[in-house]
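Trainee: Residue numbers for the sequence shown follow our numbering, so the first one is 12 and each next one is one higher.
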Amino acid sequence: MDTEKISRAVPKGLGVKGNSRAAVVVPLILGEKKEEILFTKRTDWLDEHPGQMSFPGGRYEQKDKILKRTAIREAGEEIGIQAHEIEFIGQLDECKTITKYTITPFVARIPDREYDRNKEEVAEIVRYPIEALITGDCFEWKEHTNSKETILLPYFYIEEDIIWGATARILVQLLELTTEWKC
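1. Within a Cβ cutoff of 8 Å, which residues of the same chain sit near Tyr166, ignoring the five residues on either side of it in sequence?
2. According to DSSP, is Asp75 part of a helix, a strand, or is it coil?
3. Go ahead and label Ser158 buried or exposed: buried means 16 or more other beta carbons lie within 10 angstroms of its beta carbon, across all protein chains shown.
4. Could you name the residues of the same chain whose beta carbon sits closer than 6 Å to that of Thr161, not counting the 5 residues immediately before and after it, in chain order?
5. Counting only the same chain and skipping the five closest in sequence on each side, list residues whose C-beta sits under 6 Å from that of Gln102.
6. Kindly indicate which residue of Ile17, Val183, Asn30, Glu47 has the alpha-carbon position closest to the one of Ile136.
7. Just the Cα atoms here: how many angstroms apart are Phe99 and Gly42?
8. Is the region 106 to 114 in contact with the region 124 to 133, if contact means three or more CB pairs nearer than 8 Å?
9. On a Cα-Cα basis, can you pick out the residue from Cys106, Glu170, Leu144, Glu88 that is closest to Val133?
10. Going by CA-CA distance only, name the one from Thr81, Leu49, Gln93 that's closest to Phe198.
11. Which of the three DSSP states is assigned to Ser18 in this structure?
12. Can you tell which of Lys79, Ile169, Leu163 has its C-alpha closest to the C-alpha of Ile141?
13. Measure how close the beta-carbons of Glu105 and Gly24 come, nearest whole angstrom, since I'm counting them as under 8 Å.
14. Along the chain, where does the beta strand (DSSP E) containing Ala177 start, and where does it finish?
15. Mapping the DSSP letters down to three states, classify Arg32 as helix, strand or coil.
16. Around the Cβ of Thr11, are there at least 16 other Cβ atoms within 10 angstroms (buried) or fewer (exposed)?
17. Does the distance from the CB of Ala34 to the CB of Lys79 come in under 8 Å?
18. Under 8 Å by Cβ, that's how I've got Ala82 and Gly68 pegged, so tell me the actual separation to the nearest angstrom.
19. Since Ile272 contacts Thr189 with CB under 8 Å, what's their CB separation in whole angstroms?
In structure tokens form, the structure reads like this:
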């Protein structure tokens with residue numbers, strides 16, 4: 012994984028008016044022998060995106076002042092990571108959701124350790140090897156219909172999990188930017 016490409020990337024903003032702002036940390040665990048991405052599986056009782064795979068993050072609050080602080084605060088709340096443990100590499104393009112959020116993804120290196128999930132929000136913390144995401148038949152484009160439209164979305168099927176929606180769109184950009192993989 013070539014993380015220098017992330018630090019050199021110029022992220023695109025969407026300029027979507029009326030959407031709520033959110034930010035996520037795209038957490039990379041980059042060791043000598045393994046490269047992994049950490050995901051959270053949301054609890055089934057959350058109002059938005061229940062049971063879905065996601066990156067640690069959430070809604071912007073005015074006290075955050077900037078979206079990077081939102082990502083730090085929310086990641087701390089969800090997986091128990093401390094701000095000093097997050098080594099930011101760069102930012103990816105903004106991504107909008109069907110629930111009217113504009114997400115700003117910040118890619119960061121995090122320590123290879125166990126994390127403590129917030130049991131109210133996070134059902135499970137999952138780490139997947141980057142190699143598993145870019146090899147084999149775990150990816151496809153699939154039509155998704157909501158109340159307004161039908162759109163084509165990326166889907167990753169890995170072990171018993173499905174990564175789709177905004178999380179998959181962010182993942183596609185990350186993998187295409189930093190590896191030889193193309194969807």
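Idealized CB from N, CA, C, for every residue including glycine. All values reported here derive from a predicted model rather than from experimental measurement.
Mentor: In this structure, then:
1. Scanning its chain for C-beta atoms nearer than 8 Å, with the 5 sequence neighbours on each side dropped, one finds around Tyr166 the residues Phe150, Glu151, Trp152, Lys153, Ile173, Ile174, Trp175, Ala179, in chain order.
2. If DSSP states are grouped into helix, strand and coil, Asp75 belongs with the helices.
3. Result: exposed.
4. Contacts found: Glu154.
5. Hits under 6 Å: Pro22, Phe117.
6. It is Glu47 whose Cα lies nearest to the Cα of Ile136.
7. One alpha carbon belongs to Phe99, the other to Gly42, and they sit about 16 Å apart.
8. In short, these stretches do not touch, since the Cβ pair count stays below three.
9. The shortest Cα separation from Val133 among Cys106, Glu170, Leu144, Glu88 belongs to Glu88.
10. Outside the modelled stretch of the chain, which goes from 12 to 194, sits residue 198, for which no answer is possible.
11. In the three-state reduction of the DSSP assignment, Ser18 falls in the helix class.
12. Ranked by Cα distance from Ile141, the first of Lys79, Ile169, Leu163 is Ile169.
13. Taking C-beta atoms under 8 Å as the contact rule, Glu105 and Gly24 qualify, at a distance of about 5 Å.
14. Taken as a continuous stretch (DSSP letters only), Ala177 belongs to no beta strand (DSSP E), being part of the alpha helix (DSSP H) at 176 to 189.
15. DSSP places Arg32 in the strand class (E or B) of the three-state scheme.
16. Within the shown structure, residues of the chain are numbered from 12 to 194, placing residue 11 beyond reach of any answer.
17. Against a cut-off of 8 Å, the Cβ pair of Lys79 and Ala34 comes out as a contact.
18. With 8 Å as the limit, Ala82 and Gly68 qualify as a contact, their Cβ atoms being about 5 Å apart.
19. Shown here, the chain extends from 12 to 194; a query on residue 272 therefore has no answer.
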